[in-house]
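Student:
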Amino acid sequence: MTTPFGLEGKALVAALQGLATDDERAVWERCSVSCHSPGPVHDDEMVVRVLDQPLHVGGDDMLKPSAFTDLESLGMSVQRLARCTLSEVLEHSRARTSAHRHRRAAEGLADDGRQPVAMLKLKVRDLRELHTLHDKPPRRAVGVYDSAREGPAVEAAHADVAAFGKGAAARRARAWIHEYAKTALEKIGPA
Amino acid sequence: MAIETVAVLTWALASAAVRPATEVQLLRTSPAAFYGPRSYMPQTLGLTQWGSTAEGVDTMVQSPQVQLVLSAFDRVAAELDSYVMLAPGWDGEHSVVPTREAVAKAKAFLLSLPLGVPPPTPMVSSNGAAELYWDGAAGYVDVSFTPDGDMSIYGQAPDGRALYEEGLQPDFLQLPQRRLLLEIVAPQQARYEA
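Top line first, the protein sequences correspond to chains E and X. Mapping of the first sequence onto the working numbering: position 133 corresponds to residue 133, and the numbering continues sequentially without gaps. Mapping of the second sequence onto the working numbering: position 96 corresponds to residue 287, and the numbering continues sequentially without gaps.
1) Mind checking X:A278: buried by the 16 CB within 10 Å criterion, or exposed?
2) With X:G327 as the anchor, note down where its beta strand (DSSP E) starts and where it stops.
3) Determine the contact status of X:N318 and X:S343, defining contact as a CB-CB distance below 9 Å.
4) Beta strand (DSSP E) containing E:L185: first to last residue?
5) My parser needs the alpha helix (DSSP H) runs of 4 or more residues fully inside the segment 100–140 of chain E; what are they?
6) Are the C-beta of E:G6 and some C-beta of chain X separated by less than 9 Å?
7) Tell me, to the nearest whole angstrom, how far the beta carbon of E:L133 is from that of E:V47; I am working on the premise that it is less than 8 Å.
8) List the whole-angstrom C-beta distance separating E:L130 from E:A118, where the pair is believed to meet the contact cut-off of C-beta under 8 Å.
9) Pairing CB atoms from the segment 35–53 of chain E with CB atoms from the segment 92–103 of chain E, are three or more of them under 8 Å?
10) For E:A110, tell me which candidate among X:A320, X:T312 and X:W281 has the shortest Cα-Cα distance.
11) Quick one: list the residues of chain X neighbouring E:E29, beta-carbon separation under 9 Å, in chain order.
12) So is E:L90 in contact with chain X if we call contact Cβ pairs under 9 Å?
13) Given a limit of 8 Å on CB to CB distance, which residues of the segment 351–371 of chain X reach chain E?
14) Does E:D70 have its Cβ less than 9 Å from a Cβ in chain X?
15) Is it buried or exposed for E:T183, if we count other Cβ within 10 angstroms and need 16 for buried?
16) I need the boundaries of the alpha helix (DSSP H) containing E:D23, first residue and last residue.
17) Could you list the residues in the segment 295–317 of chain X with a C-beta less than 8 Å from some C-beta on chain B, going in chain order?
18) Going by Cα to Cα distance, which pick from X:G307, X:G340 and X:A321 is closest to X:E292?
19) Does any residue of chain X bring its CB to less than 9 Å from the CB of E:Q53?
20) With H, G and I counted as helix, E and B as strand and the rest as coil, what does DSSP make of E:V33?
21) Since I believe E:D23 is in contact with E:R125 (beta carbons under 8 Å), could you give me their beta-carbon distance rounded to a whole number of angstroms?
22) At what residues does the alpha helix (DSSP H) containing E:E179 begin and finish?
23) Can the beta-carbon of E:Y145 be found closer than 9 Å to that of E:L16?
24) Tell me the DSSP secondary structure of E:A82 in three-state form.
25) Taking the alpha helix (DSSP H) that X:S303 falls in, what are its first and last residues?
26) DSSP three-state label for X:S286, please.
27) If I follow the unbroken alpha helix (DSSP H) through E:G143, where does it start and stop?
28) Can you tell which of E:R94, E:P190, E:G39 and E:A162 has its C-alpha closest to the C-alpha of E:A82?
29) Give the DSSP bridge partners of E:M76, in chain order.
30) Give the secondary structure of X:L218 by DSSP, where H, G and I count as helix, E and B as strand, and everything else as coil.
31) Skipping 5 residues on each side, what residues in its chain have a beta carbon closer than 6 Å to that of E:E45?
32) Measuring CA to CA, which of X:D350, X:P338 and X:G330 is closest to X:T290?
33) Name the chain X residues whose beta carbon is nearer than 8 Å to that of E:K64?
34) What's the C-alpha gap between E:H178 and X:D333?
35) Answer with yes or no whether the minimum CB distance from E:R94 to chain X is below 9 Å.
36) Output yes if chain X places a C-beta closer than 9 Å to the C-beta of E:V98; else output no.
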């Protein structure tokens with residue numbers, strides 16, 4: 001059987017969608033992807049998703065499902081809190097969005113306000129078992145994959161959450177993860 | 192008056208309070224789309240005193256209560272319009288800006304919603320989709336318009352019933368499983384229809 005070695009984000013999601021069965025997709029959750037990897041993501045780990053686009057958080061701190069659309073196409077980036085600290089994650093996110101805004105300013109574009117606005121701390125087991133919260137689940141909704149990158153701890157702690165299918169399966173996954181995560185939204189104040 | 196209607200009107204009132212009175216009432220410019228199927232009017236808003244004649248409907252459309260609801264829909268349309276102003280990379284390296292076609296179709300769908308259906312919440316996705324959704328005690332529905340203008344809809348009720356359709360026209364009345372949709376987004380309306 002092939003392994004996801006070297007895959008992350010868009011390439012990982014495409015490869016997962018090319019697998020024939022959910023069992024094979026689940027097997028990949030137990031694989032490491034690179035020599036920089038600290039190892040597969042375990043069920044009892046916590047991951048954090050930082051939201052740095054204010055459009056995904058509506059009025060009254062309402063989490064919108066659009067925050068999870070990447071599940072189907074690009075993979076939803078999260079960081080493993082067993083492999084880095086929360087402050088490292090937030091610092092990394094602030095540095096990334098700051099660079100983005102400086103780049104826009106240099107190009108003469110208006111400031112789009114991107115900055116870390118909220119975060120979600122999610123338990124990997126809950127994500128992998130989202131389907132058990134519903135009656136007669138047709139199949140698993142998402143997988144959580146080690147997709148470590150070369151670099152500091154926050155990069156080596158990178159993981160992707162990916163939908164187990166396209167179309168209806170991906171939309172169901174988005175709705176379910178939104179339902180699960182909407183009460184976990186934590187606002188991030190200024191640095 | 193139905194609880195959902197009270198909620199809509201309260202929300203609309205709050206929205207209107209921060210908006211200039213001169214803003215164009217988008218939906219008023221399309222009375223045919225607004226009136227929609229007469230069977231959805233106007234009892235579901237609890238406005239029974241106007242009856243169901245054309246004159247009664249016209250009077251109702253001009254009423255302060257209904258105008259406030261329309262303002263809420265205007266806000267949704269205005270946010271949809273704003274999505275085409277995003278820059279490439281607005282939500283990360285690979286993110287795509289919604290096209291005018293996607294936004295136009297989302298707004299056409301919005302216009303096709305029958306009275307009694309509360310305004311959806313607009314959202315925009317990194318894949319360039321302009322979207323609308325409802326999320327409440329009666330279930331969840333999202334409607335997505337890709338940059339190519341393709342429409343799809345996903346919905347789920349608390350009892351496990353679900354729907355997914357793609358390749359749709361942006362017209363509520365043409366949707367399959369309208370009954371289930373109404374039960375989710377406007378349960379009072381669905382009971383009235385039954």
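The beta carbon of each residue, even a glycine, is placed where N, CA and C say it ideally should be.
Tutor: Reading off the structure:
1) Here residue 278 of chain X refers to the residue found at position 87 when the second sequence is read from its first residue. With a 10 Å radius around the Cβ and a threshold of 16 neighbouring Cβ atoms, X:A278 comes out exposed.
2) Looking up residue 327 of chain X in the second sequence gives position 136. Counting along the chain, the beta strand (DSSP E) containing X:G327 begins and ends at A321 to G327.
3) Residue mapping note: residue 318 of chain X aligns to position 127 of the second sequence, counting from 1. Residue mapping note: residue 343 of chain X aligns to position 152 of the second sequence, counting from 1. Contact flag unset, no.
4) As a working mapping, residue 185 of chain E is identified with position 185 in the first sequence. Secondary structure note for E:L185: its beta strand (DSSP E) is the uninterrupted segment L185 to K187.
5) Along the segment 100–140 of chain E, the alpha helix (DSSP H) occurs as fully enclosed runs of 4 or more residues at 124–128, listed in sequence order.
6) Within the first sequence, residue 6 of chain E is the residue found at index 6, counting from 1. Answer no: the Cβ-Cβ gap between E:G6 and chain X never drops below 9 Å.
7) As a first step, residue 133 of chain E is located in the first sequence; it is residue number 133 there, counting from the start. As a first step, residue 47 of chain E is located in the first sequence; it is residue number 47 there, counting from the start. Actually they do not touch by this definition, with Cβ atoms about 18 Å apart.
8) The sequence position of residue 130 of chain E within the first sequence is 130, counting from 1. The sequence position of residue 118 of chain E within the first sequence is 118, counting from 1. So it is not a contact: roughly 20 Å between Cβ atoms.
9) Judged by Cβ distances under 8 Å, the segment 35–53 of chain E makes contact with the segment 92–103 of chain E, as three or more pairs qualify.
10) Residue 110 of chain E sits at position 110 when you count from the first residue of the first sequence. When each option's Cα is compared against that of E:A110, the closest is X:W281.
11) Reading the first sequence from its first residue, position 29 is the one you call residue 29 of chain E. What E:E29 touches in chain X: nothing, since even the nearest Cβ is about 23 Å away.
12) The count along the first sequence starts at 1 and reaches residue 90 of chain E at position 90. Residue contact with chain X for E:L90: absent (no Cβ-Cβ distance below 9 Å to any residue of chain X).
13) Cβ proximity to chain E below 8 Å picks out G351, A353, Y355 and E357 from the segment 351–371 of chain X.
14) As a working mapping, residue 70 of chain E is identified with position 70 in the first sequence. Yes, because at least one Cβ of chain X sits closer than 9 Å to the Cβ of E:D70.
15) Looking up residue 183 of chain E in the first sequence gives position 183. Per the 10 Å Cβ criterion, exposed.
16) Taking the first residue of the first sequence as position 1, residue 23 of chain E is located at position 23. Per DSSP, E:D23 belongs to the alpha helix (DSSP H) from D22 to W28.
17) The structure shown has no chain B; the protein chains it does contain are E and X.
18) Within the second sequence, residue 292 of chain X is the residue found at index 101, counting from 1. Out of X:G307, X:G340 and X:A321, the CA that lies nearest to the CA of X:E292 is found in X:G340.
19) As a working note, residue 53 of chain E is residue 53 in the first sequence. Put simply, the CB of E:Q53 is near chain X, with a gap under 9 Å to one of its CB atoms.
20) Translated into the one-based positions of the first sequence, residue 33 of chain E becomes position 33. The answer is coil: DSSP assigns E:V33 none of H, G, I, E or B.
21) Walking along the first sequence from the start, residue 125 of chain E turns up at place 125. Walking along the first sequence from the start, residue 23 of chain E turns up at place 23. Contact annotation, E:R125 with E:D23: C-beta distance approximately 18 Å; criterion of less than 8 Å not satisfied.
22) In the first sequence, the residue the question calls residue 179 of chain E occupies position 179. Per DSSP, E:E179 belongs to the alpha helix (DSSP H) from G167 to A181.
23) For the purposes of this step, residue 145 of chain E is taken as residue 145 along the first sequence, with counting starting at 1. For the purposes of this step, residue 16 of chain E is taken as residue 16 along the first sequence, with counting starting at 1. The answer is yes: Cβ separation under 9 Å.
24) Stepping through the first sequence from its first residue, residue 82 of chain E is reached at position 82. Here E:A82 sits in coil by DSSP.
25) Within the second sequence, numbered from 1, the residue matching residue 303 of chain X stands at position 112. Looking at the DSSP string, the run of the alpha helix (DSSP H) that includes X:S303 is R291 to S303.
26) Counting from 1 along the second sequence, the entry for residue 286 of chain X is found at position 95. Three-state result, X:S286: coil.
27) Against the first sequence, residue 143 of chain E aligns to sequence position 143. No alpha helix (DSSP H) holds E:G143; the beta strand (DSSP E) holding it covers V142 to D146.
28) Working through the first sequence from its first residue, we reach residue 82 of chain E at position 82. With distances taken between CA atoms, E:A82 lies nearest to E:G39 out of E:R94, E:P190, E:G39 and E:A162.
29) Here residue 76 of chain E refers to the residue found at position 76 of the first sequence. Per DSSP, E:V161.
30) On the second sequence, position 27 is the one that residue 218 of chain X refers to. Low confidence applies to X:L218: its pLDDT is 35, below 50, so where it sits in the model is not reliable, and the reading given next is rough at best. DSSP places X:L218 in helix when its eight states are reduced to three.
31) For the purposes of this step, residue 45 of chain E is taken as the residue at position 45 of the first sequence. Taking E:E45 as the centre and dropping the five residues before and after it, the same chain places the C-beta of R80, A82 and V124 closer than 6 Å to its C-beta, in chain order.
32) The residue labelled residue 290 of chain X in the question sits at position 99 within the second sequence. The shortest Cα separation from X:T290 among X:D350, X:P338 and X:G330 belongs to X:P338.
33) Within the first sequence, numbered from 1, the residue matching residue 64 of chain E stands at position 64. Within 8 Å Cβ-Cβ: T312, M314 and Y324.
34) Against the first sequence, residue 178 of chain E aligns to sequence position 178. Against the second sequence, residue 333 of chain X aligns to sequence position 142. Between E:H178 and X:D333, the C-alpha separation is close to 12 Å.
35) In the first sequence, counting from the first residue as 1, residue 94 of chain E sits at position 94. Chain X, which has no Cβ nearer than 9 Å to the Cβ of E:R94, makes this no.
36) Numbered from 1 along the first sequence, position 98 holds the residue referred to as residue 98 of chain E. Note on residue identity: the sequence assigns Ser, not Val, to residue 98 of chain E. Under the 9 Å criterion on CB atoms, E:S98 is classed as non-interfacial with respect to chain X.
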